[in-house]
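Numbering (the UniProt record's numbering), first residue to last: 1 to 322.
Note that beta-carbon positions come from the ideal geometry of N, C-alpha and C, so glycine has one too.
For clarity, every value in this text was computed on a predicted model and none was experimentally measured.
Beneath this line is the structure, given in structure tokens, with notes to follow.
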Amino acid sequence: MAVLGGVWRRFPAAAAAPQIRMLSHRARLRLNTVVFYSTQLPSSDVTVHYNHGLPVFTLLLPSRKERCQFTVKPMTTTVGKFLKDIMHEDRGIDLVSAMSADGMKFSSTTLMDVLLMNDFKLVINNTTYLVQPPPRDNQHSNDSSEMDAIKSLVHSLHAALHSEEHHFKKEKELLQRLDNLNEQLLPLEQMKAAVMAKADDKTTWLTWTGLALLSTQGGALAWLTWWVYSWDIMEPVTYFITYGSAISFYAYFVLTKEDYVYPGIRDRQFLHSFYKRAQKQKFDVDKYNKLREEYMEAEENLKRLRNPLQLKLPVEQLRERE
Numbered sequence: 001m002a003v004l005g006g007v008w009r010r011f012p013a014a015a016a017a018p019q020i021r022m023l024s025h026r027a028r029l030r031l032n033t034v035v036f037y038s039t040q041l042p043s044s045d046v047t048v049h050y051n052h053g054l055p056v057f058t059l060l061l062p063s064r065k066e067r068c069q070f071t072v073k074p075m076t077t078t079v080g081k082f083l084k085d086i087m088h089e090d091r092g093i094d095l096v097s098a099m100s101a102d103g104m105k106f107s108s109t110t111l112m113d114v115l116l117m118n119d120f121k122l123v124i125n126n127t128t129y130l131v132q133p134p135p136r137d138n139q140h141s142n143d144s145s146e147m148d149a150i151k152s153l154v155h156s157l158h159a160a161l162h163s164e165e166h167h168f169k170k171e172k173e174l175l176q177r178l179d180n181l182n183e184q185l186l187p188l189e190q191m192k193a194a195v196m197a198k199a200d201d202k203t204t205w206l207t208w209t210g211l212a213l214l215s216t217q218g219g220a221l222a223w224l225t226w227w228v229y230s231w232d233i234m235e236p237v238t239y240f241i242t243y244g245s246a247i248s249f250y251a252y253f254v255l256t257k258e259d260y261v262y263p264g265i266r267d268r269q270f271l272h273s274f275y276k277r278a279q280k281q282k283f284d285v286d287k288y289n290k291l292r293e294e295y296m297e298a299e300e301n302l303k304r305l306r307n308p309l310q311l312k313l314p315v316e317q318l319r320e321r322e
């Protein structure tokens with residue numbers, strides 16, 4: 001019913017029905033649009049501010065309808081850890097992810113420091129939040145400088161208070177290592193001493209045997225020269241004996257690449273006898289050498305640790321500790 005120019009006019013109900021049905025159909029379309037597409041809420045729903053140099057996220061939990069704050073460490077916390085903390089706080093969250101402004105998804109291993117460089121989107125369930133981190137130049141520079149000064153002071157105090165304790169702990173570890181190495185070396189040292197004694201006896205026996213052979217040779221040549229033959233006959237014999245000895249010395253140099261000197265020959269013979277007898281006695285020379293090197297290294301480290309210039313202790317106190 002409507003009034004036109006002072007005259008009452010009544011429209012039939014059937015004429016208005018198609019319009020009502022059309023409006024209902026459009027309303028249903030709008031409702032379906034809200035259900036199947038996410039909306040991007042204002043950035044005030046998820047805010048970021050810095051407290052003592054650390055970023056603090058404030059967001060509304062969808063199930064509990066409460067605001068919650070999350071403090072992250074940009075250089076150590078990853079995006080995956082941050083998203084897990086959000087899901088752990090609200091069990092009603094089924095899906096949460098972080099994407100860049102152009103729709104690229106951040107991996108779970110990305111550091112939060114990279115995420116906070118630019119604006120990004122935080123998707124929680126079917127809702128997308130636009131997060132706008134504050135500029136880094138205005139992130140409470142005074143608080144950061146104060147925190148750096150406090151950290152430096154704490155580090156200096158820790159070093160001053162725990163330096164001597166650290167030295168004592170390190171010294172205890174080195175002494176224990178020396179004891180363990182000494183226990184392993186003790187049976188090997190005894191076996192080595194026995195092998196060296198046998199090798200030295202054999203080398204000494206060969207040395208005296210060589211002297212006896214040379215003496216016998218000289219005596220035989222003298223007997224043949226003065227009692228059996230004359231010098232005219234024995235002179236060529238002695239010449240060839242001397243020449244044969246020179247050939248033997250040169251052959252020794254060719255084979256060993258060393259001069260024919262008696263101390264070198266004795267050492268070479270001693271090593272030959274030592275390794276041969278060590279193989280028979282099942283003495284592991286490589287294992288022994290490795291343990292000796294570790295023992296000497298630990299002993300040298302202990303000596304440097306007990307240096308009064310490093311420990312800042314007087315020599316008398318060092319002697320008392322020893």
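Have a look at the DSSP bridge pairing and note the partners of residue i.
i           : result
MET99       : LYS105, LYS121
GLN69       : THR58
residue 347 : Given a span of 1 to 322 for the chain in the structure shown, any question on residue 347 remains unanswerable.
LEU130      : LYS121
ASN51       : LEU54
VAL46       : LEU59
Could you round the C-beta distance between residue i and residue j to whole angstroms and report it? I think they count as a contact, below 8 angstroms.
i      : j      : result
PRO133 : VAL48  : 5 angstroms
LEU181 : GLU294 : 6 angstroms
TYR260 : PHE249 : 4 angstroms
LEU59  : CYS68  : 6 angstroms
ARG266 : THR207 : 6 angstroms
VAL46  : VAL131 : 5 angstroms
LEU271 : GLU171 : Going by Cβ atoms, the distance from LEU271 to GLU171 rounds to 38 angstroms, so no, they are not a contact pair.
Alpha carbon to alpha carbon, what distance is there between residue j and residue i?
i           : j      : result
ARG306      : ASP179 : 17 angstroms
GLU300      : GLU189 : 20 angstroms
MET104      : LYS73  : 23 angstroms
residue 372 : THR242 : The structure shown does not extend to residue 372, since the chain spans only 1 to 322, so no value can be given for it.
PRO263      : ALA222 : 29 angstroms
ARG304      : LYS169 : 15 angstroms
LYS65       : ILE150 : 38 angstroms
TRP231      : GLY244 : 19 angstroms
PHE82       : TYR288 : 54 angstroms
LEU87       : VAL114 : It should be pointed out that residue 87 corresponds to Met in this sequence rather than to Leu. Rounded to whole angstroms, MET87 to VAL114 spans 21 angstroms at the Cα level.
ASN32       : ALA98  : Since pLDDT at ASN32 reaches only 41, below the 50 mark, its modelled position is unreliable, and the value read off the structure follows with that caveat. Taking the straight line joining both Cα atoms gives about 26 angstroms.
LEU214      : GLU258 : 22 angstroms
LEU41       : PRO62  : Note on LEU41: pLDDT 45, under 50, position unreliable in the model; no value is reported.
PRO236      : ALA212 : 24 angstroms
THR77       : PRO135 : 20 angstroms
MET191      : THR203 : 18 angstroms
LYS121      : THR109 : 17 angstroms
LEU251      : ILE233 : Before going further, note that residue 251 is Ala rather than Leu in the sequence given. Taking the straight line joining both Cα atoms gives about 28 angstroms.
SER107      : ALA298 : 47 angstroms
ALA220      : VAL228 : 10 angstroms
ARG21       : ASP102 : Confidence at ARG21 is low in this model, with a pLDDT of 42, below 50, so the placement of that residue should be treated as unreliable; the coordinate-derived value is given next. Near 40 angstroms, if we compare the C-alpha coordinates of ASP102 and ARG21.
LYS84       : ARG292 : 53 angstroms
GLU89       : MET117 : 25 angstroms
PRO187      : THR71  : 60 angstroms
VAL195      : GLU183 : 19 angstroms
TYR129      : GLN176 : 60 angstroms
SER273      : THR216 : 26 angstroms
ASP284      : ALA193 : 13 angstroms
LEU224      : GLY210 : 21 angstroms
ASP119      : HIS52  : 22 angstroms
ILE247      : GLY218 : 19 angstroms
ASP286      : HIS167 : 33 angstroms
LEU111      : MET75  : 6 angstroms
THR256      : LYS282 : 27 angstroms
SER100      : TYR50  : 21 angstroms
TRP205      : MET296 : 34 angstroms
THR185      : LYS290 : Note that residue 185 is Leu in the sequence shown, not Thr. Going by the C-alpha atoms only, they are around 10 angstroms apart.
Would you say the beta carbon of residue i comes nearer than 6 angstroms to a heavy atom of the ligand GTP?
i      : result
ASN289 : For the structure depicted, the ligand GTP is absent and the ligand set is empty, with no information on it obtainable.
Any C-beta of chain D sitting closer than 7 angstroms to the C-beta of residue i?
i      : result
TRP226 : The structure shown contains no chain D; it holds only a single protein chain.
- For the 8 angstroms Cβ check, are there 3 or more pairs between the segment 262-282 and the segment 190-205? yes
**Asked** Using 8 angstroms as the threshold, is the segment 85-100 in touch with the segment 115-129, meaning 3 or more CB pairs across them?
**Response** yes
Self-check item: Complete alpha helix (DSSP H) runs within the segment 257-281 (minimum length 4 residues, chain order)
Solution: 262-281
Complete alpha helix (DSSP H) runs within the segment 189-252 (minimum length 4 residues, chain order):
none
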